[in-house]
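Using full-length UniProt numbering, the first residue of the sequence shown is number 1, and each one after it goes up by one.
Even for Gly, the Cβ is constructed at its ideal location relative to N, Cα and C.
Every value quoted in this text rests on a predicted model; they were computed, and no experiment measured them.
Following: one structure in structure tokens, then a few remarks.
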Amino acid sequence: MKRSNKIGFLMTKLLIKNALDGFTVMELRDASINTEGISSDLEEARKKVYRQIYRFEKNNWLRSEGSGQKKRYFQTELFKKSFLTTQKDEIEANTQATYDYSILNIERNQYKGELEIVLGEIKEYKALRCRFPELESKVIPLLDNSKERAAHLLGKVNVLSNILNVISEGKQAC
1 MKRSNKIGFL
11 MTKLLIKNAL
21 DGFTVMELRD
31 ASINTEGISS
41 DLEEARKKVY
51 RQIYRFEKNN
61 WLRSEGSGQK
71 KRYFQTELFK
81 KSFLTTQKDE
91 IEANTQATYD
101 YSILNIERNQ
111 YKGELEIVLG
121 EIKEYKALRC
131 RFPELESKVI
141 PLLDNSKERA
151 AHLLGKVNVL
161 SNILNVISEG
171 KQAC
């Protein structure tokens, strides 16, 4: 029985998604540092990348030309046949299906903060109305305006909370 070949997240992202070919160890290291979740320690990143390159050379997935720091690595036909078509299709499918909804959480928190401010305004208008009854005719329009803004903001918070709950339930179901 033949063992399946696994190339790992880092090399998948660098060699397939970013389509790196004809690169040096340092170029691959720099690209890996720019990739999320990779150590920014240059020496450790270089070692990690070199281990992967070495493994790929042993499996005949990469070939090298040159020597020393000018040594360049190229994808072989075996690598392209084995990984490029299937991996690219999988990556594109995953990329299209994954969305970042964190902006919704940020917006909800922003609206919650604004709502707290408006509720504070309402409380203060009511206190002013009690303390200075002669200003009631001037305070009531401002109070009504604040109540409308509070209702509007509460609606936004509720909508975003509901949609975030639906999204999180969908993730749990998977």
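Buried or exposed by the 16-neighbour rule on C-beta atoms within 10 Å, applied to residue i
i: arginine 29; result: buried
i: glycine 155; result: exposed
i: tyrosine 50; result: exposed
i: valine 166; result: exposed
i: methionine 26; result: exposed
i: isoleucine 117; result: exposed
i: isoleucine 103; result: exposed
Through-space distance from residue j to residue i, alpha-carbon basis
i: asparagine 109; j: serine 64; result: 52 Å
i: methionine 1; j: tryptophan 61; result: Annotation note: pLDDT 44 at methionine 1 (below 50); position unreliable, coordinate value reported separately. Each residue's alpha carbon lies about 21 Å from the other.
i: aspartate 144; j: histidine 152; result: 12 Å
i: isoleucine 140; j: arginine 131; result: 14 Å
i: lysine 47; j: threonine 76; result: 22 Å
i: aspartate 100; j: glutamate 43; result: 32 Å
i: serine 82; j: glutamine 52; result: 17 Å
i: glutamate 134; j: glutamate 124; result: 16 Å
i: lysine 149; j: glycine 170; result: One detail in the question is off: residue 149 reads as arginine in this sequence, not lysine. The alpha-carbon atoms of arginine 149 and glycine 170 are separated by roughly 32 Å.
i: glutamate 107; j: phenylalanine 9; result: 32 Å
i: alanine 45; j: glycine 113; result: 41 Å
Minimum C-alpha distance to residue i - residue among the options
i: lysine 70; options: Leu104, Thr24, Gly120 and Val166; result: Thr24
i: leucine 119; options: Lys147, Asp21 and Glu136; result: Lys147
i: phenylalanine 79; options: Asn162, Gly170 and Thr12; result: Thr12
Nearest-angstrom Cβ-Cβ length linking residue i and residue j, presumed shorter than 8 Å
i: tyrosine 111; j: leucine 164; result: Rounded, the Cβ-Cβ distance is 12 Å, inconsistent with contact.
i: arginine 21; j: phenylalanine 74; result: For clarity, residue 21 is aspartate in the given sequence; the question names arginine instead. Contact holds; Cβ gap of about 6 Å.
Please specify which runs of the alpha helix (DSSP H), each continuous and at least 4 residues long, are wholly inside the region 38-68, giving them in chain order. List check, alpha helix (DSSP H) in window: 42-58.
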